[in-house]
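Single-structure report; data block below.
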Amino acid sequence: MDISLTFMGAARGVTGSRYLVEANGLTVLVDCGLYQEREFLSRNWEPFRCRPSDLHAVLLTHAHLDHCGLLPKLVNEGFRGRVICTPATADIAKIILLDSAKIQEEDAAYKKKRHIREGRKGPYPEIPLYTVADAEASIKLFDPVEYNTPVNVGNGIEATFHDAGHVLGSSMIKVVVSQGGEKRSIVFSGDIGRWDRPMLQDPDVFRRTDYVVMESTYGDRAHKGAGVIDDELAEIVNSAFRAGGNIIVPSFALQRTQEVLYYLNKLTMEKRIPVMDVYIDSPMAIRITEVYKSYSGQFDAEMRELLRSGQSPFDFPGLKMVQTVEESKALNEIKGTVMIIAGSGMCTGGRIKHHLVNNISRPECTVVFVGYQAEGTLGRQILDGARSVRIHGQQRPVRAKIEHIHGFSAHADRDELLKWLSKLTAEPKLVFITHGEARAAESFRDLLKEKTGYNATVPEYGEEFHLE
Ligand SMILES: [Zn+2]
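As structure tokens, this is what we get:
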């Protein structure tokens, strides 16, 4: 067999997923993700390892930026092939890529202005990484395929998309290469979701494959305290009602916002919290929620039943979608207990900053974190207990109550990663551990070897393997 696999991203890091498969005269890229970790940002500007015009197709696991966010640059540099993904991933990626392109353009313009004013040059060119026009061109290449339906990529390469249970539309992709009467299969895990979570199906499992490329975000940890999200949220909402202040929720637009709505709907139905006005103040979250509404068939049985009985988490009493900036500003006048859910999820930009300005210094208010807050972000500062924080150029004392609900992760933990692999009935030739910081990936490699005896490796950035 003559198959080459090169790791162009998410190798000893969690962002920039890009795996290059070369076989049978074709070059296929699995994911085309943006680097988001500060130390690796310069890699977004490096030329692609292969000529984008020589690339035959891109297979996309899901719509998170660290998996699809560099697609517009690939298209700008000459890629014209198919972008194969599930229909829901296509619909969500369109929204996310256009938003990302707009931010790239705005950031470049802002940096240019600032550098001129300060008479200096930054480390990267003051041009956008890609433009809205590039994003629009890449969207035209989307070629949606359903789950569990083998698709012919070309020259004896076939790909099948399986539900990853991570976000709506997310997939694991099994690539099968046929050469001279022989076949080899590689399962690309994408981001692996979790079992028994609300809304989404459990992650698909595989019985046989020759090679596995799998994520290890939480390869060295077990999630604690899951299953009590509704109790924690009920307590937070009821105590905010007693205090008479607003509840501000910084949230990611994809999956996390919809999950928060799921729990609010459940608690309201069970009369564990009062009926409350809930404002989604994020145009992107609203658009993505619309996509969720249109794929009701892909949810788990419990969620489908909820929708059938007319108790949609995306349409409960009190839920309001805030479309315009004027409507968003009008929320400033509200005193009393309402919930405002806005982006960005780590408070680094977006409308959440305005709501923090208006509420963070009021002791009767509550700020609730429902997701991971990276080092160096405003969200992390608040979560770490800063007494005052700088927002929009001014120091603001933190007097609001700060809460954190831990149970929301969309990634399998160490035990769930092992569970996912344990469904294999034969030992794979080699397991590549990717999409985890070096410590997490190496720790999972060692655990896997200890528990199963499987041959496993943590590839380096740019490392190429010849698969037999
Ligand atoms: Zn993801």
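Offset between the sequence shown (1-based) and our numbering: plus 195. Every residue, glycine too, gets a C-beta built ideally from N, C-alpha and C. On a predicted model such as this, the values are computed, not experimentally measured, just so you know.
When G376, M534, G540 are compared, the shortest CA-CA separation from I475 is found for M534. Here DSSP, grouped into helix, strand and coil, assigns I431 to helix. Assigned with DSSP and collapsed to three states, A595 falls in coil, not helix or strand.
Look at N343 here: in three-state DSSP terms it is coil, with no helix or strand label. Its chain contains Y413, R416, A417, H418 as the residues whose beta carbon lies nearer than 7 Å to that of D608, once the 5 sequence neighbours on both sides are disregarded; these appear in chain order.
CA-to-CA, the gap between L260 and S604 works out to about 17 Å. A distance criterion of 7 Å places the beta-carbon of V362 in contact range of ligand 1, judged by its closest non-hydrogen atom. Comparing alpha-carbon positions, the option among E427, D397, P445 lying closest to H606 turns out to be D397.
For C263, the enclosing alpha helix (DSSP H) begins and ends at 260-263. Look at the stretch 398-422 and you find these whole runs of beta strand (DSSP E), each 3 residues long or longer: 406-410. In the structure shown, T463 adopts helical secondary structure according to DSSP, grouped into three states.
Beta-bridge annotation (DSSP): R585 is paired with Q590. Rounded to whole angstroms, the separation of the alpha carbons of P267 and A332 is 7 Å. Selection L215, T222, N219, G220 evaluated against G228 yields L215 as nearest (Cα-Cα). Your pair D579 and G513 does not check out as a contact, with CB atoms roughly 32 Å apart and the cut at 8 Å.
Note on Y487: 16 or more other CB atoms within 10 angstroms of its CB, so buried under the neighbour-count rule. Assignment of T355 by DSSP, reduced to helix, strand and coil, places it in the strand class. Contact between I442 and V593 is absent: CB atoms are separated by about 15 Å, not below the 8 Å threshold. Counting only residues of its own chain and dropping the five nearest sequence neighbours on each side, A303 has a CB closer than 7 Å to the CB of E321, I322, P323. Here the alpha carbon of L200 sits roughly 48 Å from the alpha carbon of V552.
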